[in-house]
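Enquirer:
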Amino acid sequence: MAMTARQVPALRVFTPNPPLRLTASLREIWAFRELLWQLAAREVRVRYKQTVLGVAWAVLQPFSMMVVFTIFFGRLARLPSDGAPYPLFYFSALVPWSFFSGSLSAATNSLTNEAGLLTKIAFPRGVVPVASLLAASLDFAIATLILGGMLVFYGVAPSGAWVLLPLFLAVQVIFTLGAGFFLSALNVTYRDVRYAIPLLLQLWLYATPIVYPLSLVPAGLRVWYVLVNPMAILIDGYRAALLQGKGPDPALLILAVIEAVAVCVGAYAYFRRAEREFADII
Amino acid sequence: MSASIRFDGVSKRYRVTGSRYRSLREELTRAAQRLNPFARWGGDPHRELWALKDVSFEVPPGQALGIIGPNGAGKSTLLKLIAGITVPTRGRIEVRGRVASLIEVGAGIHPELTGRENIYLNGTLLGMSRPEIAAKFDRIVEFAELAPFLDMPVKRYSSGMFIRLGFAVAAHLEPDLLLVDEVLSVGDIAFQRKSSERMRQLLQGGRTVLLVSHNLPVIQSACERVLLLLNGQVAAAGPPEEVVRTYVSLFQTPEAGAGTRPIRESSEAEPPVRILEVTIGGKAYVGDPLPVMWGEPLTVQIHYAARHPSALADAYLALAVWRGDALRVVYETTEGDPDLLAKGGMRGTITCTLPAYLVPALYSVNVAMHDRVTRAPCDSLSNVLFRVTAAGRGDGATAWDPNRSVLALPSTWSADPEPRVAAVPPAPLPEGSG
Numbered sequence: 001m002a003m004t005a006r007q008v009p010a011l012r013v014f015t016p017n018p019p020l021r022l023t024a025s026l027r028e029i030w031a032f033r034e035l036l037w038q039l040a041a042r043e044v045r046v047r048y049k050q051t052v053l054g055v056a057w058a059v060l061q062p063f064s065m066m067v068v069f070t071i072f073f074g075r076l077a078r079l080p081s082d083g084a085p086y087p088l089f090y091f092s093a094l095v096p097w098s099f100f101s102g103s104l105s106a107a108t109n110s111l112t113n114e115a116g117l118l119t120k121i122a123f124p125r126g127v128v129p130v131a132s133l134l135a136a137s138l139d140f141a142i143a144t145l146i147l148g149g150m151l152v153f154y155g156v157a158p159s160g161a162w163v164l165l166p167l168f169l170a171v172q173v174i175f176t177l178g179a180g181f182f183l184s185a186l187n188v189t190y191r192d193v194r195y196a197i198p199l200l201l202q203l204w205l206y207a208t209p210i211v212y213p214l215s216l217v218p219a220g221l222r223v224w225y226v227l228v229n230p231m232a233i234l235i236d237g238y239r240a241a242l243l244q245g246k247g248p249d250p251a252l253l254i255l256a257v258i259e260a261v262a263v264c265v266g267a268y269a270y271f272r273r274a275e276r277e278f279a280d281i282i
Numbered sequence: 283m284s285a286s287i288r289f290d291g292v293s294k295r296y297r298v299t300g301s302r303y304r305s306l307r308e309e310l311t312r313a314a315q316r317l318n319p320f321a322r323w324g325g326d327p328h329r330e331l332w333a334l335k336d337v338s339f340e341v342p343p344g345q346a347l348g349i350i351g352p353n354g355a356g357k358s359t360l361l362k363l364i365a366g367i368t369v370p371t372r373g374r375i376e377v378r379g380r381v382a383s384l385i386e387v388g389a390g391i392h393p394e395l396t397g398r399e400n401i402y403l404n405g406t407l408l409g410m411s412r413p414e415i416a417a418k419f420d421r422i423v424e425f426a427e428l429a430p431f432l433d434m435p436v437k438r439y440s441s442g443m444f445i446r447l448g449f450a451v452a453a454h455l456e457p458d459l460l461l462v463d464e465v466l467s468v469g470d471i472a473f474q475r476k477s478s479e480r481m482r483q484l485l486q487g488g489r490t491v492l493l494v495s496h497n498l499p500v501i502q503s504a505c506e507r508v509l510l511l512l513n514g515q516v517a518a519a520g521p522p523e524e525v526v527r528t529y530v531s532l533f534q535t536p537e538a539g540a541g542t543r544p545i546r547e548s549s550e551a552e553p554p555v556r557i558l559e560v561t562i563g564g565k566a567y568v569g570d571p572l573p574v575m576w577g578e579p580l581t582v583q584i585h586y587a588a589r590h591p592s593a594l595a596d597a598y599l600a601l602a603v604w605r606g607d608a609l610r611v612v613y614e615t616t617e618g619d620p621d622l623l624a625k626g627g628m629r630g631t632i633t634c635t636l637p638a639y640l641v642p643a644l645y646s647v648n649v650a651m652h653d654r655v656t657r658a659p660c661d662s663l664s665n666v667l668f669r670v671t672a673a674g675r676g677d678g679a680t681a682w683d684p685n686r687s688v689l690a691l692p693s694t695w696s697a698d699p700e701p702r703v704a705a706v707p708p709a710p711l712p713e714g715s716g
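Chains as they are written, first to last, in the working numbering: chain A, 1 to 282; chain B, 283 to 716.
#1: Taking 8 Å as the threshold, find out whether the segment 682-697 of chain B comes into contact with the segment 408-418 of chain B through three or more Cβ pairs.
#2: Could you tell me the boundaries of the beta strand (DSSP E) in which Y586 (chain B) lies?
#3: Can you say whether Y238 (chain A) is buried or exposed, counting buried as having 16 or more other CB atoms within 10 angstroms of its CB?
#4: What in chain A is Cβ-close to Y439 (chain B), meaning under 8 Å?
#5: Give the residues from the segment 21-52 of chain A that approach chain B closer than 7 Å (Cβ to any Cβ), ordered along the chain.
#6: Should R654 (chain B) be flagged as near chain A, meaning a C-beta pair shorter than 9 Å?
#7: S103 (chain A): buried (16+ other C-beta within 10 angstroms of its C-beta) or exposed?
#8: Between the Cα of N513 (chain B) and those of B:E578, B:E700 and B:K294, spot the shortest distance and give me the residue it belongs to.
#9: Applying the criterion that 16 or more other CB atoms from any shown protein chain within 10 Å of the CB defines a buried residue, is G354 (chain B) buried or exposed?
#10: Which residues, taken in chain order from the segment 355-373 of chain B, show a beta carbon closer than 9 Å to some beta carbon of chain A?
#11: Check the C-beta distance from L35 (chain A) over to I282 (chain A) and give it rounded, since I have them as a contact under 8 Å.
#12: Determine, for A389 (chain B), whether the minimum Cβ-Cβ distance to residues of chain A falls below 9 Å.
#13: Checking contacts by CB at 9 Å: is A279 (chain A) closer than that to chain B?
#14: So A196 (chain A) and L214 (chain A) are supposed to be a Cβ contact under 8 Å. How far apart are they, rounded?
#15: So T176 (chain A) and L133 (chain A) are in contact, right, with Cβ under 8 Å, and what is the actual spacing, rounded?
#16: Under three-state DSSP, which class holds N353 (chain B)?
#17: Taking Cβ positions, are V655 (chain B) and P393 (chain B) nearer each other than 9 Å?
#18: Using a beta-carbon distance below 9 Å, is S132 (chain A) in contact with chain B?
#19: How about F123 (chain A): is its C-beta nearer than 9 Å to some C-beta of chain B?
#20: What does L580 (chain B) touch in chain A if you count any residue whose Cβ is under 7 Å from its own?
#21: What residues are listed by DSSP as bridge partners for A519 (chain B)?
#22: If you follow the alpha helix (DSSP H) that W162 (chain A) is part of, which residue opens it and which one closes it?
#23: Look up K362 (chain B) in the DSSP assignment and say whether it is helix, strand or coil.
#24: When the distance is taken between beta carbons, is R589 (chain B) closer than 9 Å to L640 (chain B)?
#25: Does T406 (chain B) get closer than 9 Å to chain A when you measure Cβ to Cβ?
#26: Using a Cβ cut-off of 8 Å, pull out every chain A residue sitting near I261 (chain B), in sequence order please.
#27: What residue ranges within the segment 620-659 of chain B form continuous alpha helix (DSSP H) runs of no fewer than 4 residues, ordered along the chain?
#28: When DSSP labels each residue in this structure, what does D192 (chain A) get in the three-state scheme?
#29: DSSP beta-bridge partners for K294 (chain B)?
#30: Step through the CB atoms of chain A and report whether any lies within less than 9 Å of the CB of I281 (chain B).
#31: Pick helix, strand or coil for E275 (chain A), following the three-state DSSP scheme.
#32: What are the residues of the segment 205-227 of chain A that lie near chain B, defined by any Cβ-Cβ distance shorter than 7 Å?
#33: In this structure, what does DSSP give as the bridge partners for D463 (chain B)?
#34: Apart from the five residues on each side of it in sequence, which residues of its chain come closer than 6 Å, Cβ to Cβ, to G74 (chain A)?
#35: Here's a check: name, in chain order, each residue in its chain whose Cβ is nearer than 6 Å to the Cβ of D653 (chain B), leaving out the five neighbours to either side.
#36: Report the rounded CA-to-CA distance for T671 (chain B) versus W576 (chain B), giving the unit in angstroms.
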């Protein structure tokens, strides 16, 4: 803790090209977990201030998308749903997807929104995008409760495949963190990112098995599909485990795990390099 | 014992671009240009600014070091480097111990949160642990005099309350190394007295202190050693009296100030109101101090552009005149007239006229747009220089001397052979005295 370090004052060295020290800097973020928590709590407190519906907004977005998808892709277009009722089929994919898209867009803008802090106070910069992911997880928790209610309503029985759900979530969080580190740092230099993100997420939504099952993709193409979009196996994985009690193709899951970890490490290295200049160019 | 702070050949370069951040399109165009071997013209559109050039010094533990120098000399950059907010372009900096900075008091206070929530958030940002804040909470609240308003969102606070909150949190850090950048003049008179008292306590606690100030008497009384920065370089270092004398004498030479540029500082890339230009007597400052005749009106015009109409109602303009950068002789604001700025429209000019009854010397005009709530400047232009000259009293034995006075009021002297006032007889001395 910071207090105990006072007996022997710690030496800090600043040079133009400091070593990246990825693990040491992660420990630094951990040492500032209190700040992480405070920033996340602040974001949650501020987000629904002066709104009438308040926390209901957390559920309203995936819920209304579920309604629209049920009407158009389900009832009208009659896309296959692996035999599941349409509302449940869409909502079980939209809940984790909304967590991904919500936390990614929040993380992307997190650094530029905190320009005042970055130019005035020294603290590990990595805390900022991580805090926005933490804040977004509250919406996810609430939406998960609604999903739980729907599972009960449709009489879905728990299955052994459900033990995989935390694994999917962990991989998703690692991947989201990586993308968030990269895009938030890129957005400091190029504000274009801010405008590109809604478009990117819109396209990504349809490139992910949400309105259609992964089974619709020809088996031979699935490796390439997951390689390009690791979210595909995760989103379909949640749904298949929840509704059909089926686990994913292990090879595809391992591919997604490797990708998520690689993206996270690479993106954090980029973030560490870029963060030296944040205060100067933001 | 090893030094608390060691600077070893430190330089810091800033890129000055039209806009603060680059766009991807601009970058792609430039990448394409770089590929084209014939595109030698155009060059790099980024101008470079060396805020610090090859600065080396050491501060032993427990020393109070003062840093002086004109605006733009690199003082704030130096503090930011020590705090670790920005990294050096060249050289090496060693900092030993926990650093607290009273550089930007109130940074990180969120208007939507309550006072209580902000104390915890701000304390955490400054590096305090939760138990530490909890232990100091009551003292912070008492210091800030905010007990009745703790659970009110800070956006409903008055500007004075806002500043008190920020200062109170920062002043209760217990660092090994304290960085101070002229924050003593916050709040009302009573709070100012309290905050300078707290500062004195912190200074006496045996800590290493770096104090940046334009207030030379404060520097002289609080610091054991002083560093003079000029154009990003250490121009002098040593005992306070010596360095301060060197500094003041710089501003009394006729060539002082020639070639210096105005300094622009913005709190964000696009401040709500931007100061475009400041002119004196209708003339733009291009690097040579503008001439002003003593006794004639000193007319300062501020051209500005607002981002949206409401920005003007939320802002006020402050104008300061510094003599040779060491003494603030004028401070005027439009704070008392909330409608004034709006009368100038989205793009307009504010004019301030005051008689130039100043001792002939070199002066600098600093203009800043402030936010009415936080009172923090959102955009400022400083270091617009002018020189007051007086025909007939400019030199020789009768010249006004900046070392003796600040104001040169139009005074008249007369002599009379007859005393006009009845002489008062001296009071009789009491017994036993003398």
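Ideal placement from N, C-alpha and C gives every residue a C-beta, glycine not left out. From a predicted model like this one, the values you see are computed outputs, not experimental measurements.
Expert: The structure says:
#1: In short, these stretches do not touch, since the Cβ pair count stays below three.
#2: It spans P579 to A588 - the beta strand (DSSP E) in which Y586 (chain B) sits, taken as one unbroken run.
#3: Burial call: buried.
#4: Going along chain A, no residue has its Cβ under 8 Å from Y439 (chain B), so there is no contact; the nearest lies around 16 Å.
#5: Cβ contacts with chain B come from E34, L35, Q38, R42, R45, V46 and K49.
#6: Taking Cβ atoms only, chain A never reaches closer than 9 Å to R654 (chain B), which makes this a no.
#7: S103 (chain A) is buried by the Cβ-count criterion.
#8: For N513 (chain B), the closest of B:E578, B:E700 and B:K294 by C-alpha to C-alpha distance is B:K294.
#9: Buried.
#10: If the cut-off is 9 Å between Cβ atoms, the segment 355-373 of chain B has K362, L363, I364, A365, G366, I367, T368, V369, P370, T371, R372 and G373 near chain A.
#11: Contact flag wrong, Cβ pair sits at about 18 Å.
#12: Chain A, which has a Cβ nearer than 9 Å to the Cβ of A389 (chain B), makes this yes.
#13: Yes, contact with chain B.
#14: Here A196 (chain A) is actually not in contact with L214 (chain A); their C-beta atoms are around 27 Å apart, not less than 8 Å.
#15: The C-beta separation of T176 (chain A) from L133 (chain A) comes to about 6 Å, placing the pair in contact by the 8 Å criterion.
#16: N353 (chain B) carries a coil assignment under DSSP once its states are collapsed to helix, strand and coil.
#17: A distance below 9 Å separates the beta carbons of V655 (chain B) and P393 (chain B).
#18: Taking Cβ atoms only, chain B never reaches closer than 9 Å to S132 (chain A), which makes this a no.
#19: Interface annotation, F123 (chain A): in contact with chain B, CB-CB separation under 9 Å.
#20: Result: empty, since nearest Cβ-Cβ is about 34 Å, beyond 7 Å.
#21: According to DSSP, A519 (chain B) bridges with B:L509.
#22: Looking at the DSSP string, W162 (chain A) is not in any alpha helix (DSSP H), and its letter there is neither H nor E.
#23: K362 (chain B) sits in a helix when the DSSP states are folded into three classes.
#24: For L640 (chain B) and R589 (chain B), no; Cβs fall outside 9 Å.
#25: Interface residue, yes.
#26: No information on residue 261 (chain B) is available, as it lies outside the stretch 283 to 716 that chain B covers here.
#27: If we require 4 residues or more, the alpha helix (DSSP H) runs fully inside the segment 620-659 of chain B come out as 622-625.
#28: If DSSP states are grouped into helix, strand and coil, D192 (chain A) belongs with the helices.
#29: DSSP output for K294 (chain B) lists B:L334 as bridge partner(s).
#30: Nothing about residue 281 (chain B) can be reported from this structure: the residues present for chain B run from 283 to 716 only.
#31: The answer is helix: DSSP assigns E275 (chain A) an H, G or I state.
#32: Listed by position, the residues of the segment 205-227 of chain A near chain B (Cβ gap below 7 Å) amount to none.
#33: For D463 (chain B), which the question treats as bridged, DSSP gives the partners B:V494.
#34: So the list reads Y86, once near-sequence residues are dropped.
#35: Answer for D653 (chain B): C660, listed in chain order.
#36: Approximately 6 Å, taken between the alpha carbons.
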